[in-house]
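Data block below; observations after.
Residue numbers (the numbering used here), protein chains in the order written: chain H, 4 to 238; chain C, 5 to 482.
Here it is in structure tokens:
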């Protein structure tokens, strides 16, 4: 458990080396592998993860809709409160939302929706609807990337029955690798970079195929995933 | 839990083929997974090229497994996690029990984990006064039924909807659910309601891992239901039970394999939830586990390196091989009497448990090669089954009749004149026995073969005779 003194650790590593027919790797060999990690070169990125930003945005929407997420386009982020209230009414949902405690969402003009109860924090068992930001939207599979932190508790992504996500057009990237690059840049530190406790890549609402191999939505996580795509860089 | 045993594969298979519920469940599997995978592969023009890259990548990892595991550990610890190295299943169980005791755990929720099945964790925890609750719907169903999984990604794939309705009615009375639900949506909803409170009550959440990322010290799970995320987010302690071959160098490398995983498994482009976990809750976080432990199991894997079975360590547990296997389609997963079933299990089980008890499994194959042709990591499964057959012969594990047969055949084959004379005699005799019907219903000394199928009768001339005749005909006239 504690570093190199652990005999089980030593035994597993020794067994690997014996089977590979070599001793401990040389310093040069280690450096080469470390360099490979430091370069973190992409392998093969499919063509569908490439293309102009406008194409990526369209692909993101099409792919997200193909996995039963719904997408609504807004021209300004100040439109979010009204769009959310309309969504709740449209689906006969209680007029209450738990916001991710991020300034961006909390400072939106919620007072324009007096019928809506707005709280912010982590999700509990009785929160029916959450609204969170996303770190990125990934076009190749219509995937949202969420990063945990004080401003984005992970429970908001899984406990409520309905998850609404606000994401800006400029946050849409083509491939997974593009999202990792953005994450590395944003979370740079002295050692290179660090990941938050949880990174969730979410592709559509929760589902299961465990009953006779037929896909049904809403297994343990959200039954619906609604994406508010905000036009912050009109193309 | 004694269920079916690998050494009784033949009896198990006979029973399975007479089980109507099982056969109806298996029929659905065939029609579901195969076209879905094909469609997903067709949608991505780079699919086969990605398989090549994934194979190269994993071969690189296996050649440097020690270094990448050390790097993973270093980065996991830097993020506040703890890595527990375990040479055997017993070590892993002890490590998990230690963590659970430290957490004062009474109940543990579990996401789906094949390594947890491999170390028979549930029974062990129960014997030590800790209640494990499976939260993946399929795993939950088989936990209620007290059965092992019959498929690595669809553990309850052998159960019909009616059987699940009966199970839930019998077990959910205590939660006030007294109506027998028959609609899939209602069945799923009932499980959702029953399990919701369990996530909040659990002291420890245990998940598996599809990948370990050396670069960041993260573990990755790939799921569809969201149960794995609730399992690891709500309790104070998160334990990841995993094995050494799952490490990849970077996030980019994980992305490459992720692109072939879901497509091969369920035919989805991407599963609903791909989650990276790195250490415990950070300062200021409002949720997430405080403690993060990775239980890293070897259990015979390191000994496969450098052998003819090394390629098996590329396996990413997608299940495509069993989804496409005619033997699996006929007998289901339980017949294999092992945690890992189908073609990948037929190769892996003898490595983990020894060839003596598992000797029938590498023979449970028609060698049609479909498993290899759909394997995203291009693992030569039929070739490795053949290696196991050879080892079973060499170690004396195969049956006496089979050994004599092979010995006599080998002795004759080394004497071409005798082999040819014998073959000529046998071919003519069989033709006469066939009496123009073209097939035989029964054949002495081959009862095991003809019990299940007819024996096609040779046409009257041996291969060598036909070959010579053809050569003569092709030779230009002098």
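Beta carbons are placed, not taken as given, at the ideal position from N, Cα and C, and that holds for glycine.
Exposed or buried, what is residue i when buried is set at 16 or more other beta-carbons lying within 10 Å of its beta-carbon?
i: residue 138(C); result: buried
i: residue 17(C); result: buried
i: residue 405(C); result: exposed
i: residue 271(C); result: buried
i: residue 32(H); result: exposed
i: residue 140(C); result: buried
i: residue 5(H); result: The predicted position of residue 5(H) is uncertain, since its pLDDT is 48 and thus under 50; a value taken from the coordinates is nonetheless stated next. So residue 5(H) counts as exposed.
i: residue 400(C); result: exposed
i: residue 5(C); result: Annotation note: pLDDT 38 at residue 5(C) (below 50); position unreliable, no value reported.
i: residue 238(H); result: Unreliable positioning characterises residue 238(H) in this predicted model, as indicated by a pLDDT of 49, which lies under 50. The coordinate reading is nonetheless provided below. Flag for residue 238(H) reads exposed.
i: residue 25(C); result: exposed
i: residue 178(C); result: exposed
i: residue 347(C); result: buried
i: residue 115(C); result: buried
i: residue 468(C); result: exposed
i: residue 183(C); result: exposed
i: residue 374(C); result: buried
With respect to the beta strand (DSSP E) encompassing residue i, which residues constitute its N-terminal and C-terminal limits?
i: residue 90(C); result: 86 to 90
i: residue 171(H); result: 165 to 171
i: residue 203(H); result: 201 to 205
i: residue 278(C); result: 277 to 281
Less than 8 Å between the beta carbons of residue i and residue j, yes or no?
i: residue 54(C); j: residue 202(H); result: no
i: residue 229(C); j: residue 211(H); result: yes
i: residue 117(C); j: residue 211(C); result: yes
i: residue 233(H); j: residue 139(H); result: no
i: residue 239(C); j: residue 135(C); result: no
i: residue 87(H); j: residue 134(H); result: yes
i: residue 50(H); j: residue 462(C); result: no
i: residue 169(C); j: residue 161(C); result: no
i: residue 185(H); j: residue 151(H); result: no
i: residue 156(H); j: residue 291(C); result: yes
i: residue 340(C); j: residue 352(C); result: no
i: residue 16(H); j: residue 67(C); result: no
i: residue 260(C); j: residue 61(C); result: yes
i: residue 324(C); j: residue 268(C); result: yes
i: residue 131(H); j: residue 164(H); result: yes
i: residue 176(C); j: residue 208(C); result: no
i: residue 278(C); j: residue 331(C); result: no
i: residue 146(H); j: residue 206(H); result: yes
At what residues does the alpha helix (DSSP H) containing residue i begin and finish?
i: residue 344(C); result: Counting along the chain, residue 344(C) falls outside any alpha helix (DSSP H), and DSSP gives it neither H nor E.
i: residue 131(C); result: 125 to 131
i: residue 308(C); result: 305 to 308
i: residue 10(H); result: 10 to 23
i: residue 16(C); result: 13 to 21
i: residue 59(C); result: 51 to 67
i: residue 406(C); result: 404 to 417
i: residue 228(C); result: Taken as a continuous stretch (DSSP letters only), residue 228(C) belongs to no alpha helix (DSSP H), as it is neither H nor E.
i: residue 56(H); result: 56 to 69
Using a C-beta to C-beta distance shorter than 8 Å, which residues of chain C count as neighbours of residue i?
i: residue 107(H); result: Within 8 Å Cβ-Cβ: nothing; residue 107(H) doesn't reach chain C, min ~17 Å.
i: residue 97(H); result: Ordered by position in chain C, no residue passes the 8 Å Cβ test against residue 97(H), which lies about 18 Å from the chain.
i: residue 161(H); result: 230, 233, 234 and 237
Could you tell me which chain H residues have their CB closer than 8 Å to the CB of residue i, listed as they occur along the chain?
i: residue 289(C); result: 151, 152, 153, 156 and 200
i: residue 275(C); result: 206
i: residue 165(C); result: 214 and 215
i: residue 228(C); result: 209, 210, 211, 212 and 222
For a contact meaning CB atoms closer than 9 Å, what does residue i contact in chain H?
i: residue 285(C); result: 151 and 200
Mind pulling the chain C residues with CB within less than 7 Å of residue i?
i: residue 89(H); result: Per Cβ cutoff of 7 Å: no residues; residue 89(H) is ~26 Å from chain C at best.
i: residue 19(H); result: 69, 70, 306 and 309
Whose Cβ in chain C lies nearer than 9 Å to the Cβ of residue i?
i: residue 26(H); result: Ordered by position in chain C, no residue passes the 9 Å Cβ test against residue 26(H), which lies about 10 Å from the chain.
Name the chain H residues whose beta carbon is nearer than 7 Å to that of residue i?
i: residue 222(C); result: 198
i: residue 148(C); result: Residues of chain H passing the Cβ test: none, with the nearest at roughly 13 Å.
i: residue 204(C); result: 128
i: residue 200(C); result: 128
Does the segment 173 to 182 of chain H come close enough to the segment 47 to 62 of chain H to have 3 or more Cβ pairs within less than 8 Å? yes
Is it true that the segment 376 to 392 of chain C meets the segment 351 to 362 of chain C, where meeting means three or more beta-carbon pairs spaced less than 8 Å apart? Per the Cβ contact rule, the segment 376 to 392 of chain C is in contact with the segment 351 to 362 of chain C (3 or more Cβ pairs under 8 Å).
Touch test, the segment 125 to 132 of chain C against the segment 95 to 109 of chain C, Cβ-Cβ under 8 Å, three pairs minimum: Here the segment 125 to 132 of chain C lies against the segment 95 to 109 of chain C, with 3 or more beta-carbon pairs under 8 Å apart.
Counting pairs of Cβ atoms below 8 Å between the segment 222 to 231 of chain H and the segment 299 to 312 of chain C, do you hit three or more? no
Counting Cβ pairs closer than 8 Å, one from the segment 254 to 270 of chain C and one from the segment 35 to 52 of chain H, do we hit at least three? yes
Are the segment 281 to 288 of chain C and the segment 328 to 342 of chain C touching, with three or more C-beta to C-beta distances below 8 Å? They do not touch, by the three-pair rule.
Contact between the segment 75 to 89 of chain H and the segment 117 to 125 of chain H is defined here as three or more beta-carbon pairs at a separation below 8 Å; is this criterion met? Yes, the segment 75 to 89 of chain H is in contact with the segment 117 to 125 of chain H.
Flag this pair as touching only if the segment 210 to 224 of chain H and the segment 186 to 197 of chain C have three or more C-beta atom pairs under 8 Å; answer yes or no. yes
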